[in-house]
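This is the structure we're talking about:
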């Protein structure tokens with residue numbers, strides 16, 4: 056018998072309302088590396104898990120938005136610090152998930168962390184860039200500010216970390232809360248990032264991550280009446296069409312990729328904000 | 322003595338003599354064609370329908386009914402104009418065309434006001450002082466943007482979308498046409514505009530103005546018709562953008578029909594605006610604001626303050642003053658310059674208002690209806706206030722789009738915010754208070770695209786307008802309004 060230590064295998068669980076439950080359905084599924092080797096058991100979320108995640112996101116939204124923009128920036132920057140300290144682990148998972156070498160995966164992790172920092176800096180600038188005062192013809196002080204749409208659903212970003220970071224950070228930094236479906240086949244980097252939010256002062260429910268089968272869960276998220284916005288950049292065109300039609304049922308804001316678009320980051324920041332305009336009388 | 326008699330005895334010497342504007346000023350033609358490629362032409366089917374004056378049910382004019390063939394001709398014209406002319410026209414040139422249009426609207430403003438009042442039923446005081454001046458102001462505002470798009474905050478050299486299909490409602494016919502056309506043209510798009518079935522006339526006068534302005538042929542095409550005309554425009558494969566203002570029900574259908582296409586979409590849909598009154602609000606201004614919030618344009622306003630939320634400590638007083646003020650509203654001939662409340666726009670809309678107000682009574686609310694005399698012919702509904710309304714009542718949840726106010730009460734600011742947000746809509750809200758910090762606290766928590774503090778139903782071309790949630794997405798007005806027509 057060998058003396059080699061038996062490794063302790065980790066089950067990758069959901070992130071709902073700041074906790075890490077298994078799926079309420081009790082299901083899990085096996086995820087393999089890009090080369091086909093067993094990687095991990097991952098919770099296979101259910102429709103009920105998605106609904107629970109939406110409820111958590113809704114409950115957390117007012118608190119997240121009513122925090123100061125400075126505070127949201129601090130929290131998001133803290134996530135970058137957490138990711139930096141666990142970059143090797145993230146890089147290992149990105150390499151296994153995507154089948155790239157470690158050098159490449161390290162670059163991807165670096166880019167992802169830098170992107171989190173970029174968004175951390177946006178929280179207290181969006182209002183000045185997208186808002187302003189309006190010179191109406193009358194005795195009124197009139198100003199417009201960008202306010203969050205509310206709860207944003209992020210569906211099936213297949214690229215394991217960079218795309219996931221982009222899709223969750225843009226809505227979060229402007230004050231939305233998020234329910235994200237992790238990549239079905241490459242979920243572990245996203246789950247790891249979710250774990251780091253607990254050590255980053257993210258209030259419970261601000262970011263929720265459900266793992267499982269995209270075809271089962273995405274329509275639930277897209278049709279959910281308490282979801283205000285939908286990012287469906289990660290799925291195929293046909294799947295995205297179906298989800299977009301479902302989203303129309305409750306007039307959701309839908310963010311989709313555009314052809315020949317090199318940088319969609321500002322469009323992402325605008326995608327899930329609403330312009331709220333206030334008129335106030337001026338008088339003595 | 323009834324409230325009305327009381328009001329009359331107090332104000333007896335202030336009864337107004339009729340002061341009608343002349344209908345002849347409208348110079349209406351017996352019939353109008355479709356405006357495609359710069360000229361008026363018959364519909365392919367030669368179909369026509371009558372547009373009537375809702376104040377007396379008389380036919381004003383016959384208007385062409387466009388079908389899918391006509392819509393296709395309009396889109397082809399718009400595409401041709403986009404490819405060959407408008408996309409090659411400099412921003413400075415586009416700007417000058419828009420300035421011309423704005424000026425011409427001012428020149429013909431009296432005529433346009435009468436046309437609008439005849440076709441829509443709204444009081445001439447409103448079409449003259451609100452609709453037409455704001456339509457001109459909108460063209461003036463966006464005229465100035467056409468050659469400054471690089472500075473609009475969307476990066477250098479933002480591109481237009483192409484051909485925009487624009488479907489507008491009957492409540493502010495010319496103003497909605499201006500809200501759609503001015504930013505679209507400034508951004509460099511060409512347009513196919515579909516006016517509402519019951520109010521096509523002012524858009525057709527606008528078509529004449531576009532001819533006077535020598536706007537290049539096909540840059541704006543106007544197709545009149547019913548819902549099938551709008552559906553043909555929504556479904557046309559060569560349209561790049563749909564902008565719709567109307568009901569949430571139709572907006573939802575349009576989003577479903579365009580969701581799997583390349584088409585860009587903005588929606589300005591229904592609302593159930595809460596007008597929140599705190600006990601420290603100055604009562605005279607507040608009563609006028611509540612009245613203006615719900616009875617302006619017969620309540621045919623998507624952002625109408627149709628739910629009044631009154632703080633309990635002043636609820637009795639506010640209701641008493643409100644009912645008295647409602648009695649004093651002058652309802653009748655829309656062309657009379659002293660009229661406050663005009664005709665309901667259509668028989669269908671009148672039916673809907675009657676149905677929903679019947680629910681108000683059967684669900685247990687207390688009804689106060691003005692005892693004013695209503696004209697014998699035409700579509701009329703007396704201004705109505707419901708008290709003792711619960712949040713679950715249909716009159717508190719559904720958009721009535723008529724001169725009907727539902728009054729609810731609250732005790733704390735938190736409760737006011739919760740009740741105001743207890744709707745799937747999110748278009749507009751009002752706040753009445755002298756305390757600025759509380760007003761801003763409430764404003765921050767309301768889920769509405771437009772919030773009026775100590776005023777209501779104000780509009781300005783520089784001020785973004787539009788909804789959250791099921792009131793739609795996208796903004797009209799201001800720098801934000803350009804985003805709806807740029808590929809950014």
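Residue numbers (this note's numbering), protein chains in the order written: chain A, 56 to 339; chain B, 322 to 809.
Every residue, glycine too, gets a C-beta built ideally from N, C-alpha and C.
Remember, predicted model here, so these are calculated numbers, not experimental data.
Following the continuous beta strand (DSSP E) through residue i, name the residue where it begins and the one where it ends.
i	result
residue 85(A)	83-87
residue 727(B)	725-731
Using only the alpha-carbon positions, how far apart do residue i and residue j sit?
i	j	result
residue 170(A)	residue 478(B)	26 Å
residue 206(A)	residue 799(B)	27 Å
residue 136(A)	residue 168(A)	8 Å
residue 431(B)	residue 491(B)	19 Å
residue 241(A)	residue 276(A)	20 Å
residue 256(A)	residue 141(A)	17 Å
residue 368(B)	residue 349(B)	19 Å
residue 371(B)	residue 383(B)	5 Å
residue 279(A)	residue 301(A)	9 Å
residue 392(B)	residue 544(B)	7 Å
residue 429(B)	residue 526(B)	9 Å
residue 353(B)	residue 415(B)	27 Å
residue 601(B)	residue 639(B)	12 Å
residue 411(B)	residue 558(B)	27 Å
residue 735(B)	residue 763(B)	8 Å
residue 576(B)	residue 423(B)	32 Å
Do residue i and residue j have their C-beta atoms closer together than 7 Å?
i	j	result
residue 363(B)	residue 191(A)	no
residue 236(A)	residue 202(A)	no
residue 748(B)	residue 630(B)	no
residue 356(B)	residue 528(B)	yes
residue 124(A)	residue 179(A)	yes
residue 265(A)	residue 105(A)	yes
residue 752(B)	residue 744(B)	no
residue 426(B)	residue 402(B)	no
residue 398(B)	residue 542(B)	yes
residue 259(A)	residue 73(A)	yes
residue 145(A)	residue 247(A)	yes
residue 273(B)	residue 805(B)	Past the boundaries of the shown model lies residue 273(B); chain B is included only from 322 to 809, so the question cannot be answered.
residue 519(B)	residue 374(B)	no
residue 505(B)	residue 485(B)	yes
residue 100(A)	residue 208(A)	no
Round the Cβ separation of residue i and residue j to the nearest angstrom and send it over; I've been treating them as touching at under 8 Å.
i	j	result
residue 447(B)	residue 618(B)	6 Å
residue 589(B)	residue 802(B)	11 Å between Cβ atoms; not a contact.
residue 538(B)	residue 358(B)	5 Å
residue 770(B)	residue 792(B)	7 Å
residue 550(B)	residue 563(B)	That belief does not hold up - the Cβ atoms of residue 550(B) and residue 563(B) are roughly 13 Å apart, past 8 Å.
residue 809(B)	residue 322(A)	7 Å
residue 419(B)	residue 460(B)	5 Å
residue 741(B)	residue 597(B)	6 Å
residue 331(A)	residue 204(A)	The Cβ separation is near 11 Å, so there is no contact.
residue 830(B)	residue 593(B)	Because chain B spans 322 through 809 in this model, residue 830(B) falls outside it and cannot be assessed.
CB-CB under 7 Å to residue i, same chain, minus the five flanking residues each way: which ones, in chain order?
i	result
residue 87(A)	93 and 94
residue 687(B)	707, 708 and 709
residue 719(B)	677
residue 325(A)	185
Quick one: residues in its chain with C-beta nearer than 6 Å to the C-beta of residue i, no 5 flanking neighbours on either side, listed in chain order?
i	result
residue 322(B)	Confidence is the limiting factor: at residue 322(B) the pLDDT is only 48, short of 50, which leaves the residue's position unreliable and the question unanswerable from this model.
residue 567(B)	490
residue 213(A)	238 and 289
residue 376(B)	442, 655, 664 and 699
residue 319(A)	none
residue 361(B)	354
For the alpha helix (DSSP H) holding residue i, just list the boundary residues, first then last.
i	result
residue 810(B)	In this structure chain B extends from 322 to 809, so residue 810(B) is not present and cannot be described.
residue 568(B)	Per DSSP, residue 568(B) belongs to no alpha helix (DSSP H) and is neither H nor E.
residue 453(B)	453-466
residue 760(B)	757-766
residue 385(B)	Counting along the chain, residue 385(B) falls outside any alpha helix (DSSP H), though it belongs to the beta strand (DSSP E) covering 379-385.
residue 93(A)	Run containing residue 93(A): none in the alpha helix (DSSP H); it sits in the beta strand (DSSP E), 93-98.
residue 291(A)	Per DSSP, residue 291(A) belongs to no alpha helix (DSSP H) and is neither H nor E.
residue 413(B)	412-428
residue 773(B)	That residue, residue 773(B), is in no alpha helix (DSSP H); its beta strand (DSSP E) goes 771-774.
residue 654(B)	From DSSP, residue 654(B) is part of no alpha helix (DSSP H); its letter is neither H nor E.
residue 228(A)	217-228
Only counting the same chain, and skipping five residues up and downstream in sequence, which positions put a Cβ closer than 8 Å to that of residue i?
i	result
residue 650(B)	612, 616, 661, 662, 691, 693 and 704
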